[in-house]
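K.L.:
What follows is the structure, encoded as structure tokens:
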């Protein structure tokens, strides 16, 4: 299993937002420069994070992006789901008239991973880095 580059960037972006919370809204160009990614690509990621209600966008001269959800509540799973969406990672294609035992094992593993990612807060990682 491999997450997309967008998820990697989104997790780092959210960590940066948490570090910067309380400061001015973050605008696209400086954020793109700091993250070393194109403004167009960053804009797509930020749009997904806005749709997931993790950050908010404020238009205007003093506008930009800021956290919407309290920083201590943002889990790794929240960010991953915002970018990757939800749904099973594995679907059994080899079943005829009975339950797929392989799919049951894979589903159990996914549930454990999701549970773990829901428990882990980006804020906790940011505190360790400071």
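Numbering (this note's numbering), first residue to last: 38 to 167.
Where is the CB? At the ideal position from N, CA and C, for every residue including glycine.
Any chance the region 135 to 152 sits against the region 78 to 90, with 3 or more Cβ pairs inside 8 Å?
P.N.:
The region 135 to 152 vs the region 78 to 90: no contact.
K.L.:
Assuming contact is defined by CB atoms lying nearer than 9 Å, are residue 161 and residue 99 in contact in what I supplied?
P.N.:
Result no, Cβ atoms of residue 161 and residue 99 do not sit closer than 9 Å.
K.L.:
Give me, in chain order, the residues of the same chain whose beta-carbon lies closer than 7 Å to that of residue 151; leave out the 5 immediate sequence neighbours on both sides.
P.N.:
If we look at residue 151 and ignore the five residues flanking it on each side, its Cβ neighbours are 114.
K.L.:
Are the region 104 to 111 and the region 61 to 72 touching by the rule of at least three beta carbon pairs closer than 8 Å?
P.N.:
The region 104 to 111 vs the region 61 to 72: no contact.
K.L.:
If you drop the 5 nearest sequence neighbours on each side, which residues of the same chain put their C-beta closer than 8 Å to that of residue 137?
P.N.:
Cβ neighbours of residue 137 beyond the five flanking positions: 129, 131.
K.L.:
Taking the alpha-carbon of residue 43 as reference, which of 66, 85, 57, 56 has the nearest alpha-carbon?
P.N.:
Minimum Cα distance to residue 43 is reached at 85.
K.L.:
In the region 52 to 97, which residue ranges form an unbroken beta strand (DSSP E) of at least 3 residues, counting only runs that do not cross its ends?
P.N.:
List check, beta strand (DSSP E) in window: 92 to 95.
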